[in-house]
Every structure is written in structure tokens, then in C-alpha cells.
Amino acid sequence: AQSVSQHNHHVILSEAASLELGCNYSYGGTVNLFWYVQYPGQHLQLLLKYFSGDPLVKGIKGFEAEFIKSKFSFNLRKPSVQWSDTAEYFCALGRQAGTALIFGKGTTLSVSS
Amino acid sequence: DAGVIQSPRHEVTEMGQEVTLRCKPISGHDYLFWYRQTMMRGLELLIYFNNNVPIDDSGMPEDRFSAKMPNASFSTLKIQPSEPRDSAVYFCASRAGGRGDTQYFGPGTRLTVL
Numbered sequence: 016a017q018s019v020s021q022h023n024h025h026v027i028l029s030e031a032a033s034l035e036l037g038c039n040y041s042y043g044g045t046v047n048l049f050w051y052v053q054y055p056g057q058h059l060q061l062l063l064k065y066f067s068g069d070p071l072v073k074g075i076k077g078f079e080a081e082f083i084k085s086k087f088s089f090n091l092r093k094p095s096v097q098w099s100d101t102a103e104y105f106c107a108l109g110r111q112a113g114t115a116l117i118f119g120k121g122t123t124l125s126v127s128s
Numbered sequence: 313d314a315g316v317i318q319s320p321r322h323e324v325t326e327m328g329q330e331v332t333l334r335c336k337p338i339s340g341h342d343y344l345f346w347y348r349q350t351m352m353r354g355l356e357l358l359i360y361f362n363n364n365v366p367i368d369d370s371g372m373p374e375d376r377f378s379a380k381m382p383n384a385s386f387s388t389l390k391i392q393p394s395e396p397r398d399s400a401v402y403f404c405a406s407r408a409g410g411r412g413d414t415q416y417f418g419p420g421t422r423l424t425v426l
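Keeping their order, the protein sequence lines are chains G and R. Just so we're aligned: the first sequence equals residues 16 to 128 in our numbering. Just so we're aligned: the second sequence equals residues 313 to 426 in our numbering.
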């Protein structure tokens, strides 16, 4: 079955620490991959997306993600987190046109100052 | 563009009452999605429409839930009768038709059923 797995349910970091959130998907066809962020009390917003081309994608607020096709992965990274990065992060898989995104369960990131 | 608009932002109702949530997608978007978010179950897709036609409603929990999209600029999600376990945040999202197009979420409706 097509699915998205986010390995970490809750990550706790101190400010300035580096971040890597794991995301793996299960789908044999051409994919689009997304990372969304949900700040406390807010709606989901797009952080970055991979459509085609360069597998290293840069998004807003210093986030980046790398698509590794052989590993079915799309991990999110940030070299130095800030307190304001405290949020829930969702990885999502897009498949062929006309279908809905498949979201992972989300990873809660807590950053202490 | 104003983005995806949802109303009301908060709804408190009593068990057994009918609840109607509303969504206005971004103009020009062909797809509209309804999601439910709870602590226990995370983000769940309830139903989605393409060009106003329901495509997949397999996520609708039961017959108490219904959704309509009478035109390209308006959709409703109705719960009748409502139950306490329906308490959640309900998000509407819309997307243009291309495969890689971004899905944009509305601010959500926080529903509390007492």
C-alpha cells in the first residue's frame, strides 16, 4: 500500500542544534514530495517541495530536503534550529495527477532556548 | 488571493445538533480536500472533489458526515447528528490540477461537540 512514514514522533532540540527529520515513502511510480509545517494553533503551510530535477531542494526559513530515490526518502534538514521552529512537520507524497496527497503522521519539533 | 477561506473558525455545539462547515477554495483550483485533525489520529483525509465532483469519500467516517460542492467556489461539510468524538480541527485545502502543484490549506474550523 502507498504510504508515508515519519520515523520520529517527537524531537527535542536546543537552539542552534542541527535538525534532520526522516521521511520514507512507499510508491513505485513518479513522485512529488512535500514538507509542510504547522505552527502551534495555525494551519499547514508549505515548507518546500520536490517536483523534478535537483534532488536537493531548498525551502523557506533555511530548511532543505534531499530526495534519494534509491532509498525512497525525503529527509528534512536545517543546520541550526531556532526557538521559532517549534512546530509539527508533515511529509507528504504526491502521485499521479488526480489523486490526493498522502501525509505522514507528523513529527513534533520542540526547540528550547 | 485571499487563500482558502473557512468558516466558522470555531464552533461549539451540543451533541445531536447539526453542524455545517464551509470552505471557499482558491479561485481557479480544480481540487478541494476536507481533512480532520485530532491528537489521536493525526491528519485524516475525509473526502476530495475534482471540478466539483466527489472523487474519493472513503475517509468519511460514517453516514452522519456528508460533503457537497455545489459550485467551484464553495463546499460544505455537514455532520448530522454531531457527537463528542467528532470534536477536532477540520481543514479544507485546495490545489490546482497539475501533478506537482502545491496544496494550500485553510485556517481550519475547531469543532467542539459537548
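Idealized CB from N, CA, C, for every residue including glycine.
Residue-chain proximity (residue i, chain R), Cβ-Cβ < 8 angstroms
| i | result |
| --- | --- |
| LEU116 of chain G | yes |
| LYS120 of chain G | yes |
| GLY109 of chain G | yes |
Cα-Cα separation, residue i to residue j
| i | j | result |
| --- | --- | --- |
| TRP91 of chain G | ASN23 of chain G | The residue you asked about is not Trp; residue 91 of chain G is Leu in the sequence shown. If I take the Cα positions, the gap works out to 12 angstroms. |
| LEU208 of chain G | VAL46 of chain G | The requested residue 208 of chain G is not part of the displayed model; chain G covers only 16 to 128. |
| ASP375 of chain R | SER33 of chain G | 47 angstroms |
| VAL401 of chain R | ARG334 of chain R | 13 angstroms |
| PRO285 of chain R | LEU426 of chain R | Absent from the structure is residue 285 of chain R, since the part of chain R shown begins at 313 and ends at 426. |
| GLN329 of chain R | VAL52 of chain G | 33 angstroms |
| SER394 of chain R | ARG321 of chain R | 17 angstroms |
| GLY418 of chain R | SER399 of chain R | 18 angstroms |
| PHE403 of chain R | TRP346 of chain R | 6 angstroms |
| THR122 of chain G | SER339 of chain R | 31 angstroms |
| ASN364 of chain R | ALA31 of chain G | 46 angstroms |
| GLY410 of chain R | ASN362 of chain R | 12 angstroms |
Buried versus exposed call for residue i [16 or more other C-beta atoms within 10 Å across all chains shown]
| i | result |
| --- | --- |
| GLN97 of chain G | exposed |
| ARG407 of chain R | buried |
| GLU323 of chain R | buried |
| GLU326 of chain R | exposed |
| THR350 of chain R | exposed |
| PRO337 of chain R | buried |
| LYS84 of chain G | exposed |
| LYS76 of chain G | exposed |
| ARG348 of chain R | buried |
| LYS93 of chain G | buried |
| LYS73 of chain G | exposed |
Nearest-angstrom Cβ-Cβ length linking residue i and residue j, presumed shorter than 8 angstroms
| i | j | result |
| --- | --- | --- |
| PHE87 of chain G | SER41 of chain G | 7 angstroms |
| LEU355 of chain R | PHE105 of chain G | 7 angstroms |
| PHE118 of chain G | ALA107 of chain G | 5 angstroms |
| ALA144 of chain G | LEU357 of chain R | Outside the shown range of chain G (16 to 128) lies residue 144 of chain G, about which nothing can therefore be said. |
Beta carbon proximity, residue i to chain G, threshold 8 angstroms
| i | result |
| --- | --- |
| LEU357 of chain R | yes |
| THR414 of chain R | yes |
| TYR360 of chain R | yes |
| GLY340 of chain R | no |
| PRO366 of chain R | no |
| PRO419 of chain R | yes |
| PHE403 of chain R | yes |
| PHE386 of chain R | no |
| PHE377 of chain R | no |
Cβ-heavy atom distance, residue i to the ligand SAH, below 7 angstroms
| i | result |
| --- | --- |
| HIS25 of chain G | Among the components modelled here there is no ligand, and therefore nothing to report on the ligand SAH. |
Residues in the region 90 to 105 of chain G having any Cβ partner in chain R nearer than 8 angstroms: Listed in sequence order: PHE105.
Against chain R: residues of the region 43 to 75 of chain G by CB proximity under 7 angstroms: For the region 43 to 75 of chain G, the beta-carbon criterion of a distance under 7 angstroms to any beta-carbon of chain R is satisfied by ASN47, HIS58, LEU59, LEU61, LYS64, PHE66.
Residues of the region 321 to 337 of chain R whose Cβ lies closer than 9 angstroms to any Cβ of chain G, in chain order: Cβ contacts with chain G come from no residue of the region 321 to 337 of chain R.
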